[in-house]
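Take a look at the structure below.
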Amino acid sequence: MIDDLSKTLSTVLTTAGAHQLASALVSFDRPTAQFNPQQTAINLFLFDIRENIELRSNEPIVTRSDTQATIRRPPMRVDCSYLVTAWAVGGTEVALQEQLLLSQVLQVLARHPTIPPSYLQGSLKRTSAALANRVANSSNVDPSVEPSPVPLSVAVPAASRQPTEFWTSLGIPVRACLVVTATIALDLNDPIPNTFPLVISHAIELGTIAGDTVSEKTF
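Counting from 606, one number per residue, gives the positions in the sequence shown under the numbering used here.
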């Protein structure tokens with residue numbers, strides 16, 4: 606699922622971006638001193654993966670349909686943080702070219718507080734479609750407890766490490782960069798969900814008549 610998130614971010618940048626951004630190569634390599642793209646590139650380096658504790662829920666998701674109820678575990682919400690850098694190749698004023706690319710990345714991603722479903726790739730697309738199908742076909746589904754579209758936060762440094770510390774750990778000069786964090790929902794359920802029949806109560810009353818007295822017993 607994480608690789609599908611990387612592909613999704615690449616699709617957003619190359620599809621919704623300006624000309625310079627759309628024509629840039631999108632890579633996911635670790636930007637060490639040996640990183641040397643042969644064409645202008647945007648690099649999305651995934652440097653931090655952790656559970657979003659604030660979104661943790663222990664409440665089961667119950668979906669009722671006809672005479673059955675399906676019980677599923679809530680998804681695990683995971684924050685994936687990327688260090689975004691621009692690498693211009695050729696031309697003059699390379700630093701300004703890289704600043705232009707970063708500004709376009711910022712503009713495109715900040716435009717979407719959540720990633721639109723049309724950009725989702727692979728398992729993220731299937732999860733979104735499955736949720737839409739459940740909501741459309743059952744009045745008992747609560748979308749608020751289901752996996753939501755992928756939220757994005759842009760230019761907010763991750764709590765685990767500041768960008769300057771990252772460059773220092775690699776032993777290379779500091780570069781201008783953005784931190785982009787996307788939150789995905791990790792399905793923890795088995796492929797075959799747990800289903801249970803809905804409880805239906807029946808009462809049977811039997812009685813006997815003895816003279817003018819009627820005795821009854823409920824089972």
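C-beta: ideal position from N, C-alpha, C; glycine also.
Keep in mind that this is a model prediction, so the values were computed, not measured.
Residue i (DSSP reduced to helix, strand or coil)
i           : result
residue 627 : helix
residue 658 : helix
residue 716 : coil
residue 771 : helix
residue 731 : helix
residue 684 : strand
residue 636 : coil
residue 643 : coil
residue 607 : helix
residue 707 : helix
residue 697 : coil
residue 786 : strand
residue 672 : coil
residue 589 : Here the chain has residues from 606 to 824 only, and residue 589 is not among them.
residue 722 : helix
residue 791 : strand
Cβ-based burial, residue i [other Cβ within 10 Å; buried from 16]
i           : result
residue 682 : buried
residue 608 : exposed
residue 644 : exposed
residue 647 : buried
residue 718 : exposed
residue 790 : buried
residue 686 : buried
residue 691 : buried
residue 675 : buried
residue 623 : exposed
residue 732 : buried
Contacts around residue i, its chain only, beta-carbon distance under 7 Å, and the 5 residues preceding and following it disregarded
i           : result
residue 783 : 689, 707, 710, 711, 759 and 760
residue 768 : 688, 762, 782 and 784
residue 621 : 713
residue 744 : Any reading at residue 744 must be qualified, since the residue scores a pLDDT of 49, below 50, and its modelled position is unreliable; no value is offered.
residue 727 : 609 and 612
residue 715 : 759
residue 775 : 637
Cβ-based neighbour list, residue i, same chain, cut-off 6 Å, excluding 5 preceding and 5 following
i           : result
residue 611 : 633
residue 788 : 657, 682, 684 and 756
residue 627 : 619
residue 724 : 613, 616 and 617
Contact under 8 Å by Cβ, residue i with residue j
i           : j           : result
residue 771 : residue 652 : yes
residue 617 : residue 777 : no
residue 793 : residue 678 : yes
residue 722 : residue 680 : no
residue 694 : residue 642 : yes
Expected contact under 8 Å - CB spacing of residue i and residue j to nearest Å
i           : j           : result
residue 606 : residue 701 : The Cβ separation is near 37 Å, so there is no contact.
Nonlocal neighbours in the same chain, by C-beta distance under 8 Å from residue i, ignoring five residues either side
i           : result
residue 663 : 679
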